[in-house]
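Note that the UniProt record's numbering has the sequence shown beginning at 1, numbered continuously upward. Beneath this line is the structure, given in structure tokens, with notes to follow.
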Amino acid sequence: MVMLTPNLPGRAALRAGAILALAALLTACATPHRPAYEPVPVPAPAPEKVPPARPGPVIAPPPVERPPAPSRPTTQPSHPRYAPPPHVAAHWDNTLGVYVVPGRDLFYRERLYYRHQNGWLCAPHPDGPWEPVALPSVPPGLRNR
Numbered sequence: 001m002v003m004l005t006p007n008l009p010g011r012a013a014l015r016a017g018a019i020l021a022l023a024a025l026l027t028a029c030a031t032p033h034r035p036a037y038e039p040v041p042v043p044a045p046a047p048e049k050v051p052p053a054r055p056g057p058v059i060a061p062p063p064v065e066r067p068p069a070p071s072r073p074t075t076q077p078s079h080p081r082y083a084p085p086p087h088v089a090a091h092w093d094n095t096l097g098v099y100v101v102p103g104r105d106l107f108y109r110e111r112l113y114y115r116h117q118n119g120w121l122c123a124p125h126p127d128g129p130w131e132p133v134a135l136p137s138v139p140p141g142l143r144n145r
């Protein structure tokens, strides 16, 4: 499709022809491509017919029985944080939160012994000297005892 114009001399005519050919090619590329045939639409499959559910008894799953959480023993030989009393044999009581000296109404926690005699008393040794102690200074498990 290159057309040379007779009034342009040699090389200029060749350039003009090349420009026209390039314009024709670009025009052909710019038009959208159309397929030779139109695609036939495929019909959607028919939905499956599910019969309606019949109402019936509702069966609930059995209740899940969880085993009870293991409880801490009420007494144990020692406590991981509080050191045992240095002068007497004692065991830790989890419900009271103190060491209990068996056979005596005597308790120990954090370097002090406690006993109750018309109010709470405390001492650095199991045999005294005993001093009265304010209720807020008594370990919480012993306060309500």
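For each residue, glycine too, the CB sits at the ideal point set by N, CA and C. Predicted, not measured: the structure shown is a model, and the values here were computed from it.
Over the uninterrupted beta strand (DSSP E) stretch that includes Arg109, give me the two end residues. 106-109
Using the Cα positions of Pro52 and Pro68, report the straight-line distance between them to the nearest angstrom. 44 Å
Where the beta strand (DSSP E) containing Arg115 begins and where it ends: 112-116
Can you grab the Cα-Cα spacing for the pair Leu20 / Pro47, in whole Å? Roughly 58 Å separates the two Cα atoms.
Out of Pro126, Val64, Glu38, state which residue places its alpha-carbon closest to the alpha-carbon of Pro102. Pro126
Please determine whether the Cβ atom of Pro51 lies at a distance below 7 Å from any heavy atom of the ligand NAD. Ligands displayed in this structure: none; no statement on the ligand NAD is therefore possible.
Can you say whether Val138 is buried or exposed, counting buried as having 16 or more other CB atoms within 10 angstroms of its CB? buried
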